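First residue of the sequence shown: 2, per our numbering; consecutive thereafter. Note that the Cβ used here is the ideal one computed from N, Cα and C, for glycine as well. None of these values were measured; they are calculated from a predicted model. Below: the structure, in structure tokens.
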Amino acid sequence: MAALRAEHAGQGNAAFGIATAGPSQTQDRFRQWIDRGIPPGIDYLKRHIPLRADPDTLLSGVRSILAIAAPYPVNPDPAAGISTYARCRDYHDILRARLRRFARIIEQHDPGTKCRTCVDSAPLAEREWALRAGLGWRGRQGHLVTASGCSVVLGFLLTRTVLPPTGTIPDQCGTCTRCRDACPTQAIGRDGLINPSRCISYLTIEHSGDIPESFHTAIGRRLFGCDCCTASCPWNRQSDHPPSHDFAFREMPSAHDLLAMDDTTFKARYADTPLIRAGLKRLQRNAAIVIRNT
2 MAALRAEHAG QGNAAFGIAT AGPSQTQDRF RQWIDRGIPP GIDYLKRHIP
52 LRADPDTLLS GVRSILAIAA PYPVNPDPAA GISTYARCRD YHDILRARLR
102 RFARIIEQHD PGTKCRTCVD SAPLAEREWA LRAGLGWRGR QGHLVTASGC
152 SVVLGFLLTR TVLPPTGTIP DQCGTCTRCR DACPTQAIGR DGLINPSRCI
202 SYLTIEHSGD IPESFHTAIG RRLFGCDCCT ASCPWNRQSD HPPSHDFAFR
252 EMPSAHDLLA MDDTTFKARY ADTPLIRAGL KRLQRNAAIV IRNT
């Protein structure tokens, strides 16, 4: 455990914890959200319900789940441009590399064990396991909130090795509703469930068709994603874990740059960033809205 904590400190993560593996305890709430309607682009979540029910479907014999939260820069102007997590190298690659270092430590102490990394791609109930590992608490906007804020990305290591679990952290949002109040499209319900059809992150990244005109004004100058609910969190100001050099900003395109760009150039410049998920066609759609708005 000491070697794992030392590795965590060296990586510069905002939070680290371990949970004992077992069946998911949030399936009913997840189904409640699914039953409200899942739009195209993220409908795979409905198909993955059985797999999310137990991490043993991802790694047979899993005994422990190690979780980390890595901070990225808080967006100083969440009403414009590109979400800050996407202005860097793809966080999937960053976190997988960090998790593999944890895996090597575990394998050295327990030869023959098995480990699997999960970063926002496997059907794992990530937020639940982050909570059970004691990384933070669930904010009103549905995000994990750590003692260093909620501008974090999550990574998980499933292992057959039994590791001592860390304790959970109680909710510390109190009466604060800044995240919900900051949402420009009122996509955050009072019960903390998000209406993805109203969420600007969904509309600008996952939605493949034309964006309904009723949302154009709210999109404002946003090209990719929306950081309003995370950037407004007062816990961001408590952070003593500044983002590491792994999350150094790259030069990002403007709306006019995107409209003038061809697909070959786009992939050459941004294939190793989260922008590739949306693709040039959707970003050009977003850019046209931004230019009309400005």
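Residues of its chain near residue i, where Cβ-Cβ distance is below 8 Å and the 5 sequence neighbours each way are ignored
{"i": "R53", "result": "S25, Q28, F31, P124, L125, A126"}
{"i": "D273", "result": "R90, D91, D94"}
{"i": "R102", "result": "E8, Q12"}
{"i": "P51", "result": "T58"}
Residue i vs residue j beta-carbon contact at 8 Å
{"i": "F157", "j": "L67", "result": "yes"}
{"i": "A256", "j": "A288", "result": "yes"}
{"i": "Q239", "j": "I189", "result": "no"}
{"i": "R222", "j": "V291", "result": "yes"}
{"i": "L145", "j": "C119", "result": "no"}
{"i": "L5", "j": "I170", "result": "no"}
{"i": "F216", "j": "L284", "result": "no"}
{"i": "G150", "j": "C234", "result": "yes"}
{"i": "A148", "j": "A71", "result": "no"}
{"i": "T167", "j": "G23", "result": "no"}
{"i": "I201", "j": "P213", "result": "no"}
{"i": "V63", "j": "R128", "result": "no"}
{"i": "P112", "j": "M2", "result": "no"}
{"i": "N237", "j": "V75", "result": "yes"}
Residue from the options with nearest C-alpha to residue i
{"i": "Y73", "options": "A22, A7, S152", "result": "S152"}
{"i": "G42", "options": "I277, R199, A134, I206", "result": "I206"}
{"i": "C180", "options": "A22, L260, C227, D211", "result": "C227"}
{"i": "L276", "options": "R191, E252, G135, A261", "result": "E252"}
{"i": "D192", "options": "R139, P243, P254, P56", "result": "R139"}
{"i": "P254", "options": "R88, W236, C177", "result": "R88"}
{"i": "P77", "options": "W130, A232, D57", "result": "A232"}
{"i": "L260", "options": "A279, T295, R286", "result": "R286"}
{"i": "R133", "options": "E108, D172, L96, L100", "result": "D172"}
{"i": "T114", "options": "A104, A279, Q187", "result": "A104"}
{"i": "S303", "options": "H49, D263, D247", "result": "With the chain covering only 2 through 295, there is no way to say anything about residue 303."}
{"i": "F248", "options": "A81, C177, L96", "result": "L96"}
{"i": "D36", "options": "Q187, N196, Q109", "result": "N196"}
Distance between beta carbons of residue j and residue i, contact taken as under 8 Å
{"i": "I83", "j": "H9", "result": "With 8 Å as the limit, I83 and H9 do not qualify as a contact, their Cβ atoms being about 29 Å apart."}
{"i": "C230", "j": "A183", "result": "6 Å"}
{"i": "T21", "j": "S65", "result": "6 Å"}
{"i": "V154", "j": "Y203", "result": "So it is not a contact: roughly 17 Å between Cβ atoms."}
{"i": "S198", "j": "P40", "result": "5 Å"}
Cutoff 7 Å; reference residue i; Cβ partners in own chain excluding five residues on either side
{"i": "F267", "result": "L281"}
{"i": "Y340", "result": "Because residue 340 is not part of the residues shown, which for the chain are 2 to 295, the question remains open."}
{"i": "W130", "result": "A20, I66, A68, F157"}
{"i": "D44", "result": "none"}
Same chain, Cβ closer than 6 Å to residue i, five either side skipped, listed in chain order
{"i": "L194", "result": "W34"}
{"i": "G13", "result": "S245"}
{"i": "L100", "result": "T118, G156, L158"}
{"i": "G135", "result": "G18, T167, G168, T169, I170"}
{"i": "P79", "result": "D228, C229, A232"}
So within the segment 126-155, which uninterrupted alpha helix (DSSP H) runs reach at least 4 residues, ignoring any that extend past its ends?
Entirely contained in the segment 126-155, the alpha helix (DSSP H) runs reaching 4 residues are, in chain order, 127-133.
Every unbroken beta strand (DSSP E) inside the segment 26-98 [3 residues or more]
65-72, 81-83, all fully within the segment 26-98.
Quick check on the DSSP output: what are the complete beta strand (DSSP E) runs of length 3 or more inside the segment 220-290, in order along the chain?
Whole beta strand (DSSP E) segments, 3+ residues: 222-225.
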